[in-house]
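**Student:** Residue numbers (the numbering used here): 4 to 368.
The beta-carbon is built from N, C-alpha and C at its ideal position, and this holds for glycine as well.
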């Protein structure tokens, strides 16, 4: 085993992630030298593996840390059936995962069918992948799913976020730990660079698969065509360009900025949690499919960012897809009330004010 700086850093990050997940050493025997098998009822983590360098590096790191703590390690490989030979790629990934020490009985290759929806094939593939992972995690009773997103992925996510939003959420990027359908998803490698995961694979002699849609095999000075996924074009063309333009490592800068923004966002959301309890009431009536009421009095002296997040949560509770314009218009019902008409919302909903209450409601036809 070559204990390179990248490997040592990766081990430290995975250990820190496990600590944050509450995945502690399962017994004193695991503090002793030598190999010790995890107990059959020990906690289990599920590594989401694509066969690429990042996820294979994560698998190797997770196997090592799990063994040192008496935790079971499983892996799932999802075949999206979008490329010729994808089944072989998935099986090769499973074989590599087994060679890294994951028990073959805990390696799952899931085949999914991607239905191209209104958000595009890339989004549909992601939804299908997460659905398969969540099902597997629930079947296993996994304590967490480990995702191999790196600092490079974080920077790309921030850039994509700027396209969709100008808010703090865009700058904050991906959180270290999130919950989806009751399953915890953790990103142990979020502070590692792609170069470091590449080094780990090279040090361990791991052969990885390069997804052709990533554009990794295209010359760096050649712009990827628009037929490639947006994230691939950002990675291959935009990030190198803005780094050259500003003469600094913009990937590192954006990833670090995301960490600071997440801290700020966590604090703001903790305050919103408190205010929400006294301002939002969700009800169902025969005359209204989903009705959400917002009490105005507790919000009148709150900061704009608190008010608007409360409004966003109310709209989410009503199941409404909304934009920043909708939030601003409803905020006007609080801060600039002069008897204006209800705010029209998507899906036949409307937000109207009466006295000290805003009601968000969709009427049955």
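1. Can you name, in chain order, every residue of its own chain whose Cβ lies under 8 Å from the Cβ of residue 72, other than the five neighbours on each side?
2. For the pair the segment 235-254 and the segment 92-99, tell me if three or more CB-CB distances fall below 8 Å.
3. What whole-angstrom Cβ distance do residue 363 and residue 295 have, given they're in contact under 8 Å?
4. For residue 115, which of 125, 102, 81 and 138 has the nearest alpha-carbon?
5. Using CA atoms only, rank isn't needed, just tell me which of 51, 55 and 354 is closest to residue 298.
6. Under the rule that 16 or more other beta-carbon atoms within 10 Å means buried, what is residue 182, buried or exposed?
7. Check whether the segment 299-309 touches the segment 330-339, counting contact only when three or more Cβ pairs, one atom from each stretch, lie closer than 8 Å.
8. When you compare each of 197, 110, 184 and 160 to residue 75 by their alpha carbons, which one comes out closest?
9. Are the beta-carbon atoms of residue 378 and residue 283 separated by less than 7 Å?
10. Suppose you measure from the CA of residue 2 to the CA of residue 39; what does that come to, to the nearest Å?
11. Pull up the distance between the alpha-carbon of residue 36 and that of residue 70, whole angstroms please.
12. On a Cα-Cα basis, can you pick out the residue from 217, 365 and 207 that is closest to residue 285?
13. Please report the straight-line C-alpha distance between residue 267 and residue 173, rounded to a whole angstrom.
14. Starting from residue 357, follow the beta strand (DSSP E) in both directions and report where the run begins and ends.
15. Near residue 161, which residues of its chain fall below 7 Å by C-beta distance, leaving aside the five closest residues on each side in sequence?
**Tutor:** In short:
1. Counting only Cβ-Cβ distances below 8 Å, and skipping sequence neighbours, we find 21, 26, 27, 28, 29 and 33.
2. Contact between the segment 235-254 and the segment 92-99 is absent, because fewer than three Cβ pairs lie under 8 Å.
3. 5 Å
4. 81
5. 354
6. exposed
7. Yes: at least three Cβ pairs fall under 8 Å.
8. 110
9. The displayed coordinates of the chain run from 4 to 368. Any statement about residue 378 would go beyond what the structure contains.
10. Within the shown structure, residues of the chain are numbered from 4 to 368, placing residue 2 beyond reach of any answer.
11. 11 Å
12. Looking at the Cα atoms, 365 is the closest of the given residues.
13. 13 Å
14. 352-357
15. 173, 174, 176, 257 and 261
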